[in-house]
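Here's the structure we're looking at; comments come further down.
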Amino acid sequence: MEFLALLRWSLMLAVLWAAALPLTKRLFPRFPTAGAAFGLPVALFVVSLPAYWVGKLDATAGFVVGGLTLLTLSLLTLRTGTWPDPKTLRIPLAVFAVAFGALLVVRLGYPWIVPAGGEKFLDFSLLKAVLRAETFPPEDPWFAGRTVRYYYGGYLISGFLTTLSGLEARYAYNLLVPTFYAALATGAYGLAAAIADRSGSPPVVAGLAAAFLSTASGTLATPARLLLGLFPEQLAREYGRAIVSGIRAPYGEAFAQATTPGEWSYWLGRYVIPRTVDVFPSWTFVNGDLRPHMTSAPFLVLAAALVFAYYRTPEEDVWRRRALLLFVLPALGGLLGVVNTWELPVVVGLTFLAVTFADADPRSLLGPAGSRFPRFEGLHSIIRRDVGRLLGGGVAALVVGAIAVAWVAPYFLYHTATSDGVGFLPPGSPLVPFLLVHGGFLVLFALLLWTPTRHTLRNVGGTRALLLGLAIGVAALAVAGFAPVALLAVFGLAAWVVVRRQRAEHDGDVSQRSGGFTVLLVLAGVGLLIFAELAYAKVWPYNPNALRWNTVYKIYHSVWILWGIGGGVAVAAILSKALRGLSARSSGERVRPVAAVLLVVAVVSAMAVFPAFAGGERANAAIEGEATLDGLGYVNDSHPDAGAAIAWLDSREGTPTITSAPGIAIYQWMNAPSSLTGIPTVLGWVHEKGYRGSKAYEDRREDVERLYESNANTTLAIAEKYDVEYIYVGPNERERYDLREFGSHERITPVFEKGTVTIYSVRADNASS
3 MEFLALLRWS LMLAVLWAAA LPLTKRLFPR FPTAGAAFGL PVALFVVSLP AYWVGKLDAT
63 AGFVVGGLTL LTLSLLTLRT GTWPDPKTLR IPLAVFAVAF GALLVVRLGY PWIVPAGGEK
123 FLDFSLLKAV LRAETFPPED PWFAGRTVRY YYGGYLISGF LTTLSGLEAR YAYNLLVPTF
183 YAALATGAYG LAAAIADRSG SPPVVAGLAA AFLSTASGTL ATPARLLLGL FPEQLAREYG
243 RAIVSGIRAP YGEAFAQATT PGEWSYWLGR YVIPRTVDVF PSWTFVNGDL RPHMTSAPFL
303 VLAAALVFAY YRTPEEDVWR RRALLLFVLP ALGGLLGVVN TWELPVVVGL TFLAVTFADA
363 DPRSLLGPAG SRFPRFEGLH SIIRRDVGRL LGGGVAALVV GAIAVAWVAP YFLYHTATSD
423 GVGFLPPGSP LVPFLLVHGG FLVLFALLLW TPTRHTLRNV GGTRALLLGL AIGVAALAVA
483 GFAPVALLAV FGLAAWVVVR RQRAEHDGDV SQRSGGFTVL LVLAGVGLLI FAELAYAKVW
543 PYNPNALRWN TVYKIYHSVW ILWGIGGGVA VAAILSKALR GLSARSSGER VRPVAAVLLV
603 VAVVSAMAVF PAFAGGERAN AAIEGEATLD GLGYVNDSHP DAGAAIAWLD SREGTPTITS
663 APGIAIYQWM NAPSSLTGIP TVLGWVHEKG YRGSKAYEDR REDVERLYES NANTTLAIAE
723 KYDVEYIYVG PNERERYDLR EFGSHERITP VFEKGTVTIY SVRADNASS
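In terms of the numbering used here, the sequence shown is residues 3 to 771.
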């Protein structure tokens, strides 16, 4: 049965991928794989926007129109002679298969959709809500009668795949997570290979390194903590505090857990910088929540690939550049806004960098009108050129962002969660924990940028004075408590110098400057990390002791993906250069290449420690246990009465409203009836405070309490207020509420009973009469 489910899922993915190949070749004609690596995200991108809009009238019709749109565009593209070459699929398919298989084994090690240890109850409830929905956005399963106020695009995409496969959501969930993982790995391979192509670095090495760094690598905290455990305990405890300071536990307990392999848990990997949560893709996918930053990851890579396609397009191909900036990128940016709103500013930033530093002059986008663009004649020629390009890049980025918002305007107008804006200057990151998170990439980028930066500065007048001023500025920032910002500023300045130098030396020769896009990825990550040090979004969950919690959570994940791709190209470039250096006759000339190779190997090996421990633990569990795709297979064993009740509710058609005890104490077995069926309950987990505000949540909480504890007339009045059809009474409700007066009315009758669980039907007043 489950093998057939896997086979059906694989065939579905193959059909979608194949349908998108003509489109990928049209979008990425200059890529070595003709864009074949992006087949799956392109297919889902094309399907999702029609599904989003048509689904506002009818959800099923939205999925149908989305699928027909993909088929139509594919056939029209084929008619123009854009035939994909099957040979371009070999390596991307192999990368996808390996990544999908690896994470599938990890999921089989712990496939359960449980309330503890993440947001699986939230994610599964939204997936089920999409599958039950008559229109989009779906009704909120934790706030009956209202549509969701959360980025639901990833669940819409997941719902399409689940519907197309014909599988139940309980099985599809554990196939969706490996699918997004493999799509991310394959996209990272394709983009890194394209960047490395024609720039002197081996594309396959760059692609494979990027696939690993983007999806499977971990922070340096895990190897550092395990190494700490090898030192004498008193010495390690005294000097190792910074290495374990991010763990939310008393120091002694945190030290023991982090440094002892037998007590180590993958959960510790996300706690490195104090008062933040430092997630990265391999942690996200091992944990297995179907989070927006997980489902958006392949589309972020697709956006970066489209930006790179613009970067490589010659100036004379103005219509292609306009199409990318005015149609394709904004449409994808709009989709990302609904899937994970945090990614839209990243797309805008990447657009700014690409337009600013591309070979094509931004003014050429305007045609003859570009001649009227300000030229800043009074400035030095170098400054004039930079200011003009910066202005052009800024305008292009703003246009892309504005059109992207317009693509999905109803979402931004009516369906976003509450927010109190942006705060500034929160407590920043200590330097040592910051380096434990990002230090692996920074070492690779230092090796990549060192030589070109040094050569460029040699040709600049007043270099010593410039370096002295830079050193003073960096020192001042560090003394002021902004050491990570100071370090990032150095990398940002070096990247800026290098990308300008490459453009000046190879002006007009795009093929020789493709490697410069790696430096733009470095710049993008630097900008995002500096923002995360100096500002934060005032969104739920708000904790005055952890102001940057959500901001760091989302931004670090995006940076890891971008830097993983750039790091893969850097690895290929460093190793390629080192191998050429090893052919030198003098043994003294071989020292630096050997040192560079050893350093790269050491960094990559250290970043492989986390996935080896975390993935190995889950893989062993899958091999030794009874592997299953059924995410709800545990329910009947651990909650037999509730399991039968949930199955009964799940068999109901449509979206009848239920009520159950709200999940005030979250990450526990609360609101399972709505979370595991998608049937809306009057009030669910406390997350809804973040989506709708505290007052809206508390008003409903009081109503639910009165519904259970008051006389029958009050119960019926509140049930009518929220159009409640079923009232769930299980252990949570019996423990929390005084039920002595509940249910004593002919319109409130039990329709399901098993052990400690009873479900009551509330008949409408006219039916009673």
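A virtual CB, placed ideally from N, CA and C, is assigned to each residue, including glycine. Fair warning: this is a prediction, and the values are worked out from it, not measured in the lab.
* Asked: Helix or strand or just coil, what does DSSP make of residue 512?
  -> In the sequence shown, residue 512 corresponds to position 510, counting from 1. Low confidence applies to residue 512: its pLDDT is 41, below 50, so where it sits in the model is not reliable enough to give any reading.
Item to complete: Any chance you could list the alpha helix (DSSP H) runs of at least 4 consecutive residues sitting entirely within the segment 137-196, in chain order?
Response: Taking only runs of at least 4 residues, the alpha helix (DSSP H) segments lying wholly in the segment 137-196 are 155-167.
Q. Ends of the beta strand (DSSP E) at residue 779?
A. For residue 779 there is no data in the structure shown, the boundaries of the chain being 3 and 771.
Integer Cβ distance of residue 563 from residue 450, believed to fall under 8 Å | The count along the sequence shown starts at 1 and reaches residue 563 at position 561. The count along the sequence shown starts at 1 and reaches residue 450 at position 448. Not quite, the Cβ-Cβ distance comes to about 18 Å (not below 8 Å), so this is no contact.
- Task: Evaluate residue 6 with the Cβ neighbour count: other Cβ atoms within 10 Å of its Cβ, from every protein chain shown; 16 or more gives buried, anything less gives exposed.
- Result: Counting from 1 along the sequence shown, the entry for residue 6 is found at position 4. The residue in question, residue 6, is exposed, as its Cβ has fewer than 16 Cβ neighbours within 10 Å.
Item to check | residue 74 versus residue 638: straight-line alpha-carbon distance, rounded | outcome: The count along the sequence shown starts at 1 and reaches residue 74 at position 72. The count along the sequence shown starts at 1 and reaches residue 638 at position 636. Each residue's Cα considered, the two are about 45 Å apart.
Contained alpha helix (DSSP H) runs [length at least 4] in the segment 342-372, N- to C-terminal order
Correct list: 345-359.
Excluding five sequence neighbours on each side, which residues of the same chain lie with their C-beta closer than 7 Å to the C-beta of residue 422?
-> As a working note, residue 422 is residue 420 in the sequence shown. Leaving aside the five residues that flank residue 422 on each side, the residues in its chain whose CB is nearer than 7 Å to its CB run, in chain order, 540.
Self-check item: Segments of 3+ residues assigned as beta strand (DSSP E) that fall wholly inside the segment 688-752
Solution: 726-731, all fully within the segment 688-752.
- Query: Between the C-alpha atoms of residue 535 and residue 556, what's the straight-line distance to the nearest angstrom?
  - Reply: Translated into the one-based positions of the sequence shown, residue 535 becomes position 533. Translated into the one-based positions of the sequence shown, residue 556 becomes position 554. Rounded to the nearest angstrom, the two C-alpha atoms are 13 Å apart.
### Query
Which one of 65, 601, 583, 123 has the shortest CA to CA distance from residue 674?
To locate residue 674, count along the sequence shown from 1; it is residue 672. Per the Cα distances, 123.
What span of residues does the beta strand (DSSP E) with residue 2 cover, start to end?
Past the edges of the chain, shown from 3 to 771, lies residue 2, and the structure says nothing about it.
*Taking the Cβ atom as the reference point for each residue, do residue 280 and residue 439 lie within a distance shorter than 7 Å?*
To locate residue 280, count along the sequence shown from 1; it is residue 278. To locate residue 439, count along the sequence shown from 1; it is residue 437. Yes.
- Task: Could you pull the start and end residues of the alpha helix (DSSP H) that residue 2 belongs to?
- Result: Residue 2 lies beyond the range of the chain shown here (3 to 771); nothing can be said about it.
Check your understanding: What's the call for residue 452, buried or exposed, on a 16-neighbour Cβ count within 10 Å?
Key -> As a working note, residue 452 is residue 450 in the sequence shown. Exposed: under 16 other Cβ atoms inside 10 Å.
query = Taking the alpha-carbon positions, what's the residue 602 to residue 332 distance?
reply = Within the sequence shown, the letter at position 600 stands for residue 602. Within the sequence shown, the letter at position 330 stands for residue 332. Rounded to whole angstroms, the separation of the alpha carbons of residue 332 and residue 602 is 37 Å.
Margin query: Going by C-alpha to C-alpha distance, which of 361, 554, 135, 459 sits closest to residue 436?
Written below: Walking along the sequence shown from the start, residue 436 turns up at place 434. Ranking 361, 554, 135, 459 by Cα distance to residue 436 puts 554 first.
- Task: Check whether the Cβ atoms of residue 677 and residue 127 sit closer than 7 Å, and answer yes or no.
- Result: Taking the first residue of the sequence shown as 1, we reach residue 677 at position 675. Taking the first residue of the sequence shown as 1, we reach residue 127 at position 125. Yes, the Cβ-Cβ distance between residue 677 and residue 127 is below 7 Å.
Item to check | Limits of the unbroken beta strand (DSSP E) element including residue 115 | outcome: Your numbering for residue 115 matches position 113 in the sequence shown. It is not in any beta strand (DSSP E) - residue 115 carries neither H nor E in the DSSP assignment.
- Task: Return the chain-ordered ranges of every alpha helix (DSSP H) run that is complete within the segment 391-439 and spans a minimum of 4 residues.
- Result: Complete alpha helix (DSSP H) runs here, min 4: 411-416.
Open item on the list: In the DSSP assignment, the alpha helix (DSSP H) including residue 537 goes from what residue to what residue?
Closed with: Translated into the one-based positions of the sequence shown, residue 537 becomes position 535. Careful: residue 537 lies outside any alpha helix (DSSP H), inside the beta strand (DSSP E) at 537-539.
Please identify the residue among 120, 341, 652 whose C-alpha is closest to the C-alpha of residue 143. Working through the sequence shown from its first residue, we reach residue 143 at position 141. Checking every option, the nearest Cα to that of residue 143 belongs to 652.
- Query: Any Cβ of chain C within less than 7 Å of the Cβ of residue 594?
  - Reply: The structure shown contains no chain C, having only a single protein chain.
Quiz item: Between residue 669 and residue 117, which are expected to be in contact by the criterion C-beta below 8 Å, what is the C-beta distance as a whole number of angstroms?
Solution: Here residue 669 refers to the residue found at position 667 of the sequence shown. Here residue 117 refers to the residue found at position 115 of the sequence shown. That pair is a contact at about 6 Å.
* Out of 31, 60, 522, state which residue places its alpha-carbon closest to the alpha-carbon of residue 90. => For the purposes of this step, residue 90 is taken as the residue at position 88 of the sequence shown. For residue 90, the nearest C-alpha among the options comes from 31.
Measure the alpha-carbon distance for residue 262 versus residue 291 and round it to whole angstroms.
Working through the sequence shown from its first residue, we reach residue 262 at position 260. Working through the sequence shown from its first residue, we reach residue 291 at position 289. Rounded to whole angstroms, the gap between the alpha carbons of residue 262 and residue 291 is 26 Å.
Worksheet item: For the candidate residues 267, 212, 315, 548, whose alpha-carbon lies nearest to that of residue 188?
Response: Position 186 of the sequence shown, counted from the first residue, corresponds to residue 188. The shortest C-alpha separation from residue 188 is found at 212.
Q. Exposed or buried, what is residue 345 when buried is set at 16 or more other beta-carbons lying within 10 Å of its beta-carbon?
A. Here residue 345 refers to the residue found at position 343 when the sequence shown is read from its first residue. Under this definition residue 345 is a buried residue.
Handout entry: 7 Å Cβ cutoff met for residue 537 and residue 426
Key = Within the sequence shown, residue 537 is the residue found at index 535, counting from 1. Within the sequence shown, residue 426 is the residue found at index 424, counting from 1. Contact: yes.
- [ ] Let me know the secondary structure DSSP gives residue 755 once reduced to three states.
- [x] Taking the first residue of the sequence shown as 1, we reach residue 755 at position 753. Looking at residue 755 - three-state DSSP - the assignment turns out to be strand.
### Message
Can you tell me whether residue 236 is buried or exposed? The criterion is at least 16 other CB atoms within 10 Å of its CB, across all chains shown.
### Response
Taking the sequence shown and counting its residues from 1, one reaches residue 236 at position 234. Flag for residue 236 reads exposed.
Would you tell me roughly how many angstroms separate the C-alpha atoms of residue 757 and residue 643, rounded to the nearest one? On the sequence shown, position 755 is the one that residue 757 refers to. On the sequence shown, position 641 is the one that residue 643 refers to. C-alpha separation (whole angstroms): 6 Å.
Practice prompt. Please report how far the alpha carbon of residue 336 lies from the alpha carbon of residue 592, in whole angstroms.
Written response: If you number the sequence shown from 1, residue 336 lands on position 334. If you number the sequence shown from 1, residue 592 lands on position 590. Residue 336 and residue 592 have their C-alpha atoms roughly 50 Å apart.
| task | Answer with buried or exposed for residue 512, where buried requires no fewer than 16 other C-beta atoms within 10 angstroms of its C-beta. | result | If you number the sequence shown from 1, residue 512 lands on position 510. With a pLDDT of only 41 at residue 512, under the threshold of 50, the placement of this residue in the model should not be trusted, and no figure is reported.
Q. Per DSSP, what kind of secondary structure is residue 630 in: helix, strand or coil?
A. Here residue 630 corresponds to residue number 628 of the sequence shown, with the count starting at 1. Residue 630 falls in the coil class under three-state DSSP.
- Alpha carbon to alpha carbon, how far is residue 266 from residue 259? Give it in angstroms, no decimals. For the purposes of this step, residue 259 is taken as the residue at position 257 of the sequence shown. For the purposes of this step, residue 266 is taken as the residue at position 264 of the sequence shown. If I take the Cα positions, the gap works out to 5 Å.
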